[in-house]
Each structure stands twice: as structure tokens, then as C-alpha cells.
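A short write-up of the structure that comes next.
Numbering (my numbering), first residue to last: 691 to 1105.
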């Protein structure tokens, strides 16, 4: 896999380039918030850790339940106007959150924000796809993902001096800065001219669209992708907890693993996206992602074997590299397959349904990784490896079934 030239990190169309800039601004705001949110919740809002956990868990359920109705609304209004509205919705929510006091206001605002947050990802994919055409669609999404990783890091750096000041007004400044980033992102997004006109349904009942969704094949693909998306929770929670509990590596080594993941994602996501340019490349990418995650879990199980801290660190490093490749392959495969198998006039609903796999694993994943996998020791990681391996093996039959179901429809609409 050769590294791309600098030009390959730039979207092909003016609209794609503009959208990448809006994504960078959005990610800076998100990174700013993520870096300071935990301290803000405790010292400004006045919550206990258990109250924070309850509020975020409840908001996750709200986000899961509202994603598809908002996607159906996007099929009626268009993906770009919907995403602009979601960004402004998020901005208003963060302004309110900055002045929240106590459990009730925090939970209500978090639930309102979660509805917008959960719907933002599929709308981002739909708009990014509309800024370009053909196989460049997935490359553009890869560029957006790369830009977002850079933005998260920049946002975290901006949060550092505000956190160091350790004042309530600086904590509120972090949240208000996030809101300002979303307003700027929405303003720039409203000026982006998409290269392809989205097909808009004029008569769509969002709740009816959810009730009438009958594409069980697409739901199977969504479930497989959701399982593979557990890499998010492994990176955020599982890797560090396992390293501390099961190995003798020093705590100072853990940020190195996160840094390696971040750098690899920034440098290699665009080259990895080239895979979808080949025939059945997206299917192959999703399968390879599953197999890489299988090997990652086996490496994590092996890291607990009696050994020196240096050996354990080397095994954890290998697991981190495998995890990162699994993450990148899963991302490009999921982007391409979810878009290709979504009907043109129902992109909003289908992409929103597909995003439920990731939303679901965010709800279930932390408990699964901590209370089941890590609690079971190496056997838990071996069990998760089996789950990833089965998901990878099922990708081909599920995508072939989807392709076969789409062929009669394509023949009917062919001139």
C-alpha cells in the first residue's frame, strides 16, 4: 500500500473541499468538548459520576430511537438542510448545557442533544456523498474522517489552557466554544453546493417510514457492521483497562497506543479507501476489518500471558495496530456498502438505519467489554474474537443476498 500524494488528501470537487473544512471546524468543537466535558459535568453542573452515567445512558437511548425518524425527515427536506438544522440544534443545546445546574436540566438537555448527535453521522455521510460522485465518494469520506481526527486533536489542545485555569467560567467557555464551532460549521455548510442533486420525497411521514421499513437484508448488514463497530469501545475503554489490569506495562505507555492509533488513522485512512475502487472492494474491506479485529482480540488475550513488561507492551502494540487497521477497513467498507444498497429516494432513512448499528454498540458496548469480556479474562477476548470472525464470514453471503435482491429492481427501472 503506497502512501498517497498530498493532492489525494484533498477532495476532487470544490463542494467536497468546502465540506471538509466545515467538518474540521465541527471536529475542533467536538474535540474541545470531549476534552473538558467530564470536569465540566462535575465542577460546573454539580453532578456525581453516577448521575453523569445515568444521564448519558438515557440520552444514548433517545438518540437510538430518534435517528431513523430524523433520517426520514431528511428524505423529505434534503440531507444538507437537515444537517444544517442539526448543527444549529446542537449549538443551541450546548448553549443551554453551559448554564445547566443539577441532574434534571443536564439529563433533559443531554437527551435533546443526543437526538441531534445520533442523526448527524448519517446526514454527514449523505452530504459528503452528494459533494462528489462514483468511487471518489468513499475517498471523500476518508478525507473527512482524517480531517476530523486532526480536528479532535486541535480541539483537545485548545481545551488544555481552559482546563488549567480551573474556573467555572472557563469550563462554560469550553461548552460555549463548542456551540460557536457548530454555528460556524452550519453557516459554512449552508453555502456548500452539492455536486449531485438529492432525490427528495415530498410525502414522507417520519414515523411511518420507521414503521414501514421492511428491508431485513439491510438490517442484517447493519447488525454485522454494528458488531464490527465494537472496535470503538475497545479503543476507548477496553484497551487501557485490560492493559492496566492484566499486564505489567506502565500507565505511561497507554497514551502511546492512542497516539499510534490517531497517527495511523490520519496517515493511512485515505490510502485504505482505495480498496473500494476494485470490484467487490467494499465487501472485501469489511471482511478484512473483521478478521483484523479477530487477530487483535487474540493478541489481547495473549498479552495476559506471564511475561515481562516489555513483551506485554510489544503484544499490546501489535494489538493496537491490528485494531487500527480493523477500524479503517470497517469504516470504508461500511461507508460504501451502506450507500450502495440504499435506494436513491430513501438515502436518509437507510443511512440512518445503518447508523443504528454504531449507536447500539455505544449503548451496549461499554458494558459488554468491561463486564463480560474483561471480567472473563483471556477467554473473554477469545470469545469476542470468535464473534468478530463470524461477523467477517457472514459479510459475503449478506452482501450477495442484498445484491441479488437489488437486481430485479434495477431491471424494472432500466430503460
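Glycine included, C-beta positions come from ideal geometry on N, C-alpha and C.
C-alpha of residue 843 to C-alpha of residue 780: approximately 20 Å in a straight line.
With fewer than 16 other Cβ atoms inside 10 Å of its own Cβ, residue 789 counts as exposed. In this structure residue 985 is buried. Its beta-carbon is surrounded by 16 or more other beta-carbon atoms within 10 angstroms.
Cβ-Cβ distances below 7 Å link residue 813 to 764, 769, 772, 773, 776 in the same chain, with the five nearest sequence neighbours on each side left out; the list follows chain order.
The Cβ atoms of residue 928 and residue 1047 do not sit closer than 9 Å to each other. Around the CB of residue 787, 16 or more other CB atoms lie within 10 Å, so the residue is classed as buried.
DSSP places residue 813 in the uninterrupted alpha helix (DSSP H) bounded by 793-820.
Rounded to whole angstroms, residue 966 and residue 973 show a C-alpha spacing of 8 Å.
Residue 733 is a Cβ neighbour of residue 858, given a cutoff of 9 Å.
With fewer than 16 other Cβ atoms from the protein chains shown falling within 10 Å of its own Cβ, residue 906 counts as exposed. Distance between residue 796 and residue 978, taken at the CA atoms: about 41 Å. The region 692-767 is shown to contain whole alpha helix (DSSP H) runs of 4 or more residues at 704-730, 739-767, in chain order. When the beta-carbon positions are compared, residue 1044 and residue 860 stay at least 9 Å from each other. Here residue 930 is near residue 944, since their CB atoms are less than 9 Å apart. Residue 827 counts as buried, since at least 16 other C-beta atoms from the protein chains shown sit within 10 angstroms of its C-beta.
Residue 1049 places its beta carbon 9 Å or farther from that of residue 850. Three or more beta-carbon pairs separated by less than 8 Å link the region 1006-1017 to the region 945-954, which places the two stretches in contact. By the Cβ rule, the region 715-723 counts as touching the region 865-882, because three or more pairs are nearer than 8 Å. Buried is the label assigned to residue 1037, since at least 16 other Cβ atoms lie within 10 Å of its Cβ. One Cα belongs to residue 778, the other to residue 932, and the distance between them is close to 39 Å.
Rounded to whole angstroms, the gap between the alpha carbons of residue 1067 and residue 935 is 10 Å. In this structure, residue 983 places its C-beta atom within 9 Å of the C-beta atom of residue 1082. Counting along the chain, no alpha helix (DSSP H) covers residue 966, and no H or E run does either.
Each of 810, 706, 924, 976 was checked against the Cα of residue 1087, and the nearest Cα belongs to 976.
In the same chain as residue 1032, and ignoring 5 residues on each side of it, the C-beta atoms closer than 7 Å to its own belong to 1040, 1041, in chain order. DSSP places residue 920 outside both helix and strand once states are collapsed to three, so it counts as coil. In this chain, the alpha helix (DSSP H) harbouring residue 1030 covers 999-1030. Rounded to whole angstroms, the gap between the alpha carbons of residue 1021 and residue 830 is 12 Å. In the DSSP assignment, residue 1049 falls within the unbroken alpha helix (DSSP H) covering 1037-1057. Note on geometry: alpha-carbon atoms of residue 1000 and residue 939 lie some 7 Å from one another. Assignment of residue 1065 by DSSP, reduced to helix, strand and coil, places it in the coil class. Put simply, of 1078, 834, 709 the residue whose alpha carbon is nearest the alpha carbon of residue 981 is 1078.
Pairing residue 1006 with residue 997 gives a Cβ-Cβ distance that is not under 9 Å.
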